[in-house]
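Peer 1: My structure is below; once you've seen it, I'll send some questions.
Numbering (the UniProt record's numbering), first residue to last: 1 to 166.
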C-alpha cells in the first residue's frame, strides 16, 4: 500500500506499471508530463492513490489515458526501487515500482503499427508497440525504465505460457 504524509515530508510512492505484449511487441508510451520526465518512453502506469490496489491503478490509467480496459493477470516484477522519481506533481519522492503482466481485451483489434491504443495526450503524448528485440527503436528512455523493459522482454522470451496467451 502507499503511504501518504502531509506537509513537506517525503512520502513513499508505489507505482504500478503494465507489461502488455502482443506478437513479441511491447506496448510503451512517451510521457508528456511532468516536465522532468516529458519525452521519455516507459511502460504505462501510475502512482497508487490512497487505498487503491495496484491492479486498480493500472486499470484506471488505461481507462483514462488510452480509453481501453485492461486485465491484470499477475505481478511479474516486485519492489524495484526508483531513484530520482518525480511524482505527478513533479516532486522528488522515494518510489517502488511493481510491474503487472496485463492483457487488452481479446476481442479488441488494434493496429499495432499505428501504436493503438492511442493516448489522450494528458500523461502520455505517444504510444507504440516496439519489438522486444529492438527496444531502442523508440527513445529516449530513462535508464531504469529501459532496464525494466529489457527485463520484461527477457521474461517473455522464456515464458511459453505468456507467449501462447498473447
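For glycine and all other residues, C-beta sits at the position ideal for the given N, C-alpha and C.
1. Would residue 109 be called buried (16 or more neighbouring beta carbons within 10 Å of its own) or exposed?
2. Is residue 73 closer than 8 angstroms to residue 101 when the C-beta atoms are compared?
3. Just confirm the distance between the C-beta atoms of residue 25 and residue 132, as a whole number of angstroms; I'd bet it's less than 8 angstroms.
4. Output the distance between the C-alpha atoms of residue 31 and residue 113, rounded to the nearest integer angstrom.
5. Cα-Cα, which of 16, 64, 137 is closest to residue 78?
6. Label residue 43 either buried or exposed according to how many other C-beta atoms from any shown protein chain fall within 10 Å of its C-beta, with 16 as the threshold for buried.
7. Output needed for residue 85: all residues of its chain with C-beta closer than 8 angstroms, excluding positions within five of it in sequence on either side, in chain order.
8. Please give me, in chain order, every unbroken run of the beta strand (DSSP E) with length at least 3 that falls completely inside the UniProt domain "Nudix hydrolase" (11-153).
9. Tell whether a beta-carbon distance below 8 angstroms holds between residue 70 and residue 103.
10. Are the CB atoms of residue 29 and residue 106 nearer to each other than 8 angstroms?
Peer 2: In short, the structure shows the following:
1. exposed
2. yes
3. 7 angstroms
4. 19 angstroms
5. Across the set 16, 64, 137, the C-alpha of 16 shows the shortest separation from the C-alpha of residue 78.
6. Buried, because 16 or more other Cβ atoms sit within 10 Å of the Cβ of residue 43.
7. The residues are 13, 15, 92, 93, 94, 95.
8. 12-19, 25-31, 45-47, 71-86, 92-103, 124-131
9. yes
10. Between residue 29 and residue 106, the C-beta gap is not smaller than 8 angstroms, which leaves the two residues out of contact.
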